[in-house]
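One structure below.
There are 2 protein chains.
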Amino acid sequence: MSSVVTGSERIPAAERREQILDAATRVFGELGYAGTTTDRVAREAGISQPYVVRMFGTKERLFIEVLERTCDRILAAFDAAVDADGDPRPLAARIGAAYVELVDTDRGILLSLMQGFILGHDPAIGPVARAGFMRLFERLREAGFGPDESTGFMARGMLINTLLASGLASSIGEDRCVSELFTSTFGDKIGIVAPSTQD
Amino acid sequence: MSSVVTGSERIPAAERREQILDAATRVFGELGYAGTTTDRVAREAGISQPYVVRMFGTKERLFIEVLERTCDRILAAFDAAVDADGDPRPLAARIGAAYVELVDTDRGILLSLMQGFILGHDPAIGPVARAGFMRLFERLREAGFGPDESTGFMARGMLINTLLASGLASSIGEDRCVSELFTSTFGDKIGIVAPSTQD
DNA sequence: GTCTATACTAGGATAGAC
DNA sequence: GTCTATCCTAGTATAGAC
Chain A
707 MSSVVTGSER IPAAERREQI LDAATRVFGE LGYAGTTTDR VAREAGISQP
757 YVVRMFGTKE RLFIEVLERT CDRILAAFDA AVDADGDPRP LAARIGAAYV
807 ELVDTDRGIL LSLMQGFILG HDPAIGPVAR AGFMRLFERL REAGFGPDES
857 TGFMARGMLI NTLLASGLAS SIGEDRCVSE LFTSTFGDKI GIVAPSTQD
Chain B
707 MSSVVTGSER IPAAERREQI LDAATRVFGE LGYAGTTTDR VAREAGISQP
757 YVVRMFGTKE RLFIEVLERT CDRILAAFDA AVDADGDPRP LAARIGAAYV
807 ELVDTDRGIL LSLMQGFILG HDPAIGPVAR AGFMRLFERL REAGFGPDES
857 TGFMARGMLI NTLLASGLAS SIGEDRCVSE LFTSTFGDKI GIVAPSTQD
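From first to last, the protein sequence lines are chains A and B.
First residue of the first sequence? That's 707 in the numbering used here, and the numbers climb one at a time after it.
First residue of the second sequence? That's 707 in the numbering used here, and the numbers climb one at a time after it.
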């Protein structure tokens, strides 16, 4: 659950920055770059719209910061999975699980990254998104996976992102085919995405 | 190569409709729903902005029509691959190749569909996008593929869409890792996405 | 560090002529 | 069937007070 900010006390800039980035990650993930307004981000962060702009210069720069932070976090999750010696599962299973668990921790991370990827045309954002994508791929290669296996990982990741973004998860249980699809995609981790009954 | 319309003679509504849908498919695919302006679509179709709105009512409806048409075309390509008795390759290879070849025919199709998937939050567009996604999945199931295999197909499709949208294709040859990734993703069909040398 | 007020532009949609 | 003119809202960004 992401902490929803309410008031607007006078707090250190660095901390406010993080709050804004958290809010922006959620909103960009849901509405995309063009669909997001700085005002919406501001309200979710509990501050005024001009302050968001003041702090990041432009909406574009805000998005780029979100993208980079997002990518860093996924890499950190990969690294943690690689270094988890206590875990008896094979490396591939650990990294896969780490990615799926990010959905639970903060799905804005995966969604905003996905939004960045499909913005390749944009002269400022495109290069950042492409670099992020390749950093993820390269990290898999460095972890010892071959080209095909790494590509397979990325493919499954893109499917996960798309399923989350599309909102299909809420039809699990209603539609037999959707259930099949999610079971194949998430395996025993399906509980993370399946909506609770009292929705 | 998509035919770029220039003039604006008086032509039958049905034909104009198709021109607009073609243009809209391209533009939505590149810029996303929120990022696309009806004016841009109009200019690409060689007509005035109000006429686009006049013909489709709202930008939202235009996008929904694009989405549905797009989905129909992909299903048609799948069906053609299933029914291709002359082709000696196994069914899985034929369907995979059919999807990749759509990139060549009209990459706007894949991109605009992807843009729809990512818009699940939208109350009007979300349901259409989800239905489209499931139609594709179900068609694979009907063609005889199991849940896991069908899911694998969708995953590879989402990766292809993401790679196209991100614009990474233009770095093939420049970056060793990018080349690896594209070779793994597109196999011997890589020529379709690789940019020609005199770019 | 944070706000209010506001300037300015873009863009969807409508009216109505031809 | 298609255009021009235009309305109106939304949204980024700036100025400047507190």
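No residue lacks a Cβ here, since even glycine has one placed at the ideal position from N, Cα and C.
Pairwise C-alpha distance: residue j and residue i
{"i": "Asp881 (chain A)", "j": "Arg845 (chain B)", "result": "15 Å"}
{"i": "Ala748 (chain A)", "j": "Gly735 (chain B)", "result": "29 Å"}
{"i": "Gly838 (chain A)", "j": "Pro718 (chain B)", "result": "47 Å"}
{"i": "Ala799 (chain A)", "j": "Glu886 (chain B)", "result": "22 Å"}
{"i": "Ile753 (chain B)", "j": "Thr776 (chain B)", "result": "22 Å"}
{"i": "Ser708 (chain A)", "j": "Arg746 (chain B)", "result": "Residue placement at Ser708 (chain A) is flagged as unreliable, the pLDDT there being 49, under the threshold of 50; a coordinate-derived value is accordingly withheld."}
{"i": "Arg722 (chain A)", "j": "Ile896 (chain A)", "result": "34 Å"}
{"i": "Gly808 (chain A)", "j": "Glu715 (chain A)", "result": "The amino acid at residue 808 (chain A) is misidentified as Gly; the sequence shows Leu. Going by the C-alpha atoms only, they are around 30 Å apart."}
{"i": "Leu817 (chain B)", "j": "Gly792 (chain A)", "result": "42 Å"}
{"i": "Asp905 (chain A)", "j": "Gln725 (chain B)", "result": "For Asp905 (chain A), the predicted structure reports a pLDDT of 47, less than 50, and the residue's modelled location is therefore unreliable. A value from the coordinates is still provided. In a straight line, the C-alpha of Asp905 (chain A) is about 43 Å away from that of Gln725 (chain B)."}
{"i": "Ala720 (chain B)", "j": "Ile801 (chain B)", "result": "31 Å"}
{"i": "Pro901 (chain B)", "j": "Pro794 (chain A)", "result": "44 Å"}
{"i": "Gly863 (chain A)", "j": "Thr744 (chain B)", "result": "33 Å"}
{"i": "Leu842 (chain B)", "j": "Tyr757 (chain A)", "result": "45 Å"}
{"i": "Lys765 (chain B)", "j": "Ala730 (chain B)", "result": "10 Å"}
{"i": "His827 (chain A)", "j": "Leu797 (chain A)", "result": "35 Å"}
{"i": "Gly879 (chain A)", "j": "Arg732 (chain A)", "result": "26 Å"}
{"i": "Gly893 (chain A)", "j": "Ala804 (chain B)", "result": "28 Å"}
{"i": "Asp785 (chain A)", "j": "Met840 (chain A)", "result": "16 Å"}
{"i": "Arg836 (chain B)", "j": "Ser877 (chain A)", "result": "10 Å"}
{"i": "Asp728 (chain B)", "j": "Ala751 (chain B)", "result": "8 Å"}
{"i": "Gly858 (chain B)", "j": "Val759 (chain A)", "result": "42 Å"}
{"i": "Gly822 (chain B)", "j": "Pro853 (chain A)", "result": "29 Å"}
{"i": "Ala790 (chain A)", "j": "Ile898 (chain B)", "result": "41 Å"}
{"i": "Gly763 (chain B)", "j": "Glu774 (chain B)", "result": "16 Å"}
{"i": "Phe851 (chain B)", "j": "Ala782 (chain B)", "result": "17 Å"}
{"i": "Glu855 (chain B)", "j": "Ala875 (chain A)", "result": "20 Å"}
{"i": "Thr811 (chain A)", "j": "Thr811 (chain B)", "result": "40 Å"}
{"i": "Gln755 (chain B)", "j": "Gln755 (chain A)", "result": "31 Å"}
Local conformation of residue i per DSSP, three classes
{"i": "Asp828 (chain B)", "result": "coil"}
{"i": "Ile896 (chain A)", "result": "helix"}
{"i": "Ile878 (chain B)", "result": "strand"}
{"i": "Ser754 (chain B)", "result": "coil"}
{"i": "Val861 (chain A)", "result": "The sequence given here places Ala at residue 861 (chain A); Val does not occur at that position. In the structure shown, Ala861 (chain A) sits in a helix (DSSP, three-state: H, G or I)."}
{"i": "Arg716 (chain A)", "result": "coil"}
{"i": "Phe888 (chain A)", "result": "helix"}
{"i": "Pro853 (chain B)", "result": "helix"}
{"i": "Ser872 (chain A)", "result": "helix"}
{"i": "Pro833 (chain A)", "result": "helix"}
{"i": "Thr731 (chain B)", "result": "helix"}
{"i": "Thr744 (chain B)", "result": "helix"}
{"i": "Thr776 (chain A)", "result": "helix"}
{"i": "Gly763 (chain A)", "result": "coil"}
{"i": "Asp905 (chain A)", "result": "No answer about Asp905 (chain A) holds up, because its pLDDT of 47 lies below 50 and its placement is not dependable."}
{"i": "Leu781 (chain A)", "result": "helix"}
Under 9 Å between C-beta atoms of residue i and residue j
{"i": "Ala849 (chain B)", "j": "Val806 (chain B)", "result": "no"}
{"i": "Gly738 (chain B)", "j": "Gly873 (chain A)", "result": "no"}
{"i": "Ala861 (chain B)", "j": "Thr889 (chain A)", "result": "no"}
{"i": "Leu865 (chain B)", "j": "Leu870 (chain A)", "result": "no"}
{"i": "Ile815 (chain A)", "j": "Arg779 (chain A)", "result": "yes"}
{"i": "Cys926 (chain B)", "j": "Arg847 (chain A)", "result": "In the structure as shown, chain B starts at 707 and stops at 905, and residue 926 (chain B) therefore has no counterpart that could be examined."}
{"i": "Met820 (chain A)", "j": "Thr868 (chain B)", "result": "yes"}
Quiz item: Taking the runs of the alpha helix (DSSP H) that are 4 residues or longer, which of them lie wholly in the segment 783 to 824 of chain A?
Solution: Entirely contained in the segment 783 to 824 of chain A, the alpha helix (DSSP H) runs reaching 4 residues are, in chain order, 797 to 811 and 813 to 823.
Quiz item: Touch check for the segment 769 to 777 of chain A and the segment 825 to 833 of chain A: three-plus C-beta pairs under 8 Å?
Solution: Segment contact: the segment 769 to 777 of chain A against the segment 825 to 833 of chain A, three or more CB-CB distances shorter than 8 Å; contact assigned.
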